[in-house]
DNA sequence: GCCTACATATAGCCAGCCTACATGTAGGCT
DNA sequence: AGCCTACATGTAGGCTGGCTATATGTAGGC
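Residue numbers (UniProt numbering), protein chains in the order written: chain A, 1 to 111; chain B, 1 to 111.
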């Protein structure tokens, strides 16, 4: 998958994957891979900065935890994040409708 | 529409709008607006460089014409462009399936 | 001791869409 | 004449955000 097309959709992906349950960065990457059937291999250099940005904005909150001797920063959706996710979903629908509509509009000129 | 999300889809949009008939830059912008129901207002600074890039790659070819005293550069799809458009369409389908799938996968964890 | 998986983090690169500006014609209104 | 809007093309430079490359450290298998 060409990385360019992820532009502007990372936030939606991250918020969406955290909707069900809180996860730490590494697990988020794995979750994205699983849910996309292996199509999404988002590098750590994309995910970690994005998570921090989303926390700074207020859509996510995090706590440190130590599991099996390893430190994890576990992220969860805030109320604002949950609301934002709704917005991201409707923006996604509009986006696909608009672009998809143009791509499909290859029939004979109307009227 | 957040400009970021157009990233990586401009080529598909331009090729698609030229599939039916050759058009000049200004008309392409209008066609995108019409076909998107007004949602797509792509600025000239995006379209003209993109058209030149697509011509350089070989997906488009152009000729100058004078209509009503105004000069137009009319672009048309090449065979390579037509082939590329097919690729862009299937890439679009895959893209929407992958992202859309993740955004919708908010149910309880499977099995 | 070495390698892989797990886990987080940052500096700097780069593609490509956008803003702002430059240039010019045609035609309407005053 | 002067001004404005629509038509029409083009470029320089900026910005943004995802990616590459790298650094750091633990746990466990071979």
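Cβ coordinates follow ideal geometry from the N, Cα and C atoms, glycine included.
query = residue 72 of chain A to residue 10 of chain A, Cα distance in whole Å?
reply = What you label residue 72 of chain A is simply residue 72 of the first chain in a count that begins at 1. What you label residue 10 of chain A is simply residue 10 of the first chain in a count that begins at 1. Looking at the two C-alpha atoms, the distance is approximately 21 Å.
inquiry  = Pop quiz: residue 5 of chain B and residue 40 of chain A are said to be a contact at Cβ under 8 Å. What is the actual Cβ separation, rounded to whole angstroms?
reply    = Numbered from 1 along the second chain, position 5 holds the residue referred to as residue 5 of chain B. Numbered from 1 along the first chain, position 40 holds the residue referred to as residue 40 of chain A. Between residue 5 of chain B and residue 40 of chain A the beta-carbon gap is near 17 Å, outside 8 Å, which marks them as no contact.
task = Identify, in the order they occur along the chain, each residue of the same chain with its Cβ nearer than 8 Å to the Cβ of residue 24 of chain A, setting aside the five sequence neighbours on each side.
result = Position 24 of the first chain, counted from the first residue, corresponds to residue 24 of chain A. Non-local beta-carbon contacts of residue 24 of chain A in its own chain, meaning distances under 8 Å to residues more than five positions away in sequence, involve 65, 72, 73, 74, 75 in chain order.
task = Compare the C-beta of residue 101 of chain B against all C-beta atoms of chain A and say whether one is closer than 8 Å.
result = Here residue 101 of chain B refers to the residue found at position 101 when the second chain is read from its first residue. Yes, because at least one Cβ of chain A sits closer than 8 Å to the Cβ of residue 101 of chain B.
Nearest residue (CA-CA) to residue 18 of chain A, options A/104, A/47, A/90 = Position 18 of the first chain holds residue 18 of chain A. Taking only the C-alpha atoms, the option nearest residue 18 of chain A is A/47.
message = Tell me the DSSP secondary structure of residue 63 of chain A in three-state form.
response = Along the first chain, one-based indexing puts residue 63 of chain A at 63. Residue 63 of chain A: strand per DSSP, three-state reduction.
request  = Would you kindly check if the distance between the Cβ of residue 100 of chain A and the Cβ of residue 96 of chain B is under 8 Å?
outcome  = One-based indexing of the second chain puts residue 96 of chain B at position 96. One-based indexing of the first chain puts residue 100 of chain A at position 100. Cβ atoms of residue 96 of chain B and residue 100 of chain A: closer than 8 Å.
query = Mind checking if residue 19 of chain A is an interface residue toward chain B, Cβ cutoff 8 Å exclusive?
reply = The count along the first chain starts at 1 and reaches residue 19 of chain A at position 19. At a cut-off of 8 Å between C-beta atoms, residue 19 of chain A counts as an interface residue with respect to chain B.
message = Tell me the residue span of the beta strand (DSSP E) that contains residue 114 of chain B.
response = The structure shown does not extend to residue 114 of chain B, since chain B is modelled only from 1 through 111, so no value can be given for it.
key: Interface partners of residue 8 of chain A on chain B, CB under 9 Å   = Position 8 of the first chain, counting from 1, holds the residue named residue 8 of chain A. The answer, in chain order, is 2, 3, 4, 5, 6, 7.
key: Close Cβ partners of residue 110 of chain B (< 8 Å) along its chain, the five nearest in sequence each way excluded   = As a position in the second chain, residue 110 of chain B is number 110, starting the count at 1. The predicted model places residue 110 of chain B with a pLDDT of 49, which falls under 50 and marks its position as unreliable; any figure quoted below should be read in that light. Residues of the same chain with their beta carbon placed closer than 8 Å to that of residue 110 of chain B are lacking, with the five preceding and five following residues left out of the count.
message = I'd like to know if residue 106 of chain B contacts chain A, where contact means its C-beta is closer than 8 Å to some C-beta of that chain.
response = Within the second chain, numbered from 1, the residue matching residue 106 of chain B stands at position 106. Yes, contact with chain A.
query = At a Cβ threshold of 8 Å, is residue 53 of chain B touching chain A?
reply = Within the second chain, residue 53 of chain B is the residue found at index 53, counting from 1. With 8 Å as the cut-off, residue 53 of chain B does not count as an interface residue toward chain A.
ask   = At a Cβ threshold of 8 Å, is residue 77 of chain A touching chain B?
value = Counting from 1 along the first chain, the entry for residue 77 of chain A is found at position 77. Chain B contact via Cβ: absent.
query = Could you give the residue range of the alpha helix (DSSP H) that holds residue 10 of chain A?
reply = Indexing the first chain from 1 puts residue 10 of chain A at position 10. Here the alpha helix (DSSP H) through residue 10 of chain A covers 10-17.
message = Alpha carbons only, please: which of A/106, A/88, A/105, A/103 is nearest the one belonging to residue 1 of chain B?
response = Residue mapping note: residue 1 of chain B aligns to position 1 of the second chain, counting from 1. If we check each option's Cα against that of residue 1 of chain B, A/88 comes out closest.
request  = Measure the CB-CB distance between residue 84 of chain A and residue 15 of chain A and report whether it falls below 8 Å.
outcome  = Here the question's residue 84 of chain A lines up with position 84 in the first chain. Here the question's residue 15 of chain A lines up with position 15 in the first chain. In contact: residue 84 of chain A and residue 15 of chain A (Cβ atoms closer than 8 Å).
message = Is the beta carbon of residue 69 of chain B closer than 8 Å to that of residue 7 of chain A?
response = Taking the first residue of the first chain as 1, we reach residue 7 of chain A at position 7. Taking the first residue of the second chain as 1, we reach residue 69 of chain B at position 69. Going by C-beta atoms, residue 7 of chain A is not nearer than 8 Å to residue 69 of chain B.
query = Any idea which residues DSSP pairs residue 23 of chain A with across the strands?
reply = As a working mapping, residue 23 of chain A is identified with position 23 in the first chain. Residue 23 of chain A is bridged to A/75.
message = Considering only the alpha carbon of each residue, which of A/79, A/94, A/67 lies closest to residue 57 of chain A?
response = Indexing the first chain from 1 puts residue 57 of chain A at position 57. Here the closest residue by C-alpha is A/79.
key: Three-way DSSP call (helix, strand, coil) for residue 106 of chain A in this model   = Taking the first chain and counting its residues from 1, the one referred to as residue 106 of chain A is at position 106. Coil at residue 106 of chain A, not helix or strand.
query = Is residue 42 of chain B near residue 51 of chain B, with beta carbons less than 8 Å apart?
reply = For the purposes of this step, residue 42 of chain B is taken as the residue at position 42 of the second chain. For the purposes of this step, residue 51 of chain B is taken as the residue at position 51 of the second chain. Cβ distance not < 8 Å, so residue 42 of chain B and residue 51 of chain B don't count as in contact.
Three-state secondary structure (DSSP) of residue 7 of chain A = For this step, residue 7 of chain A is matched to residue 7 along the first chain. Coil, per DSSP.
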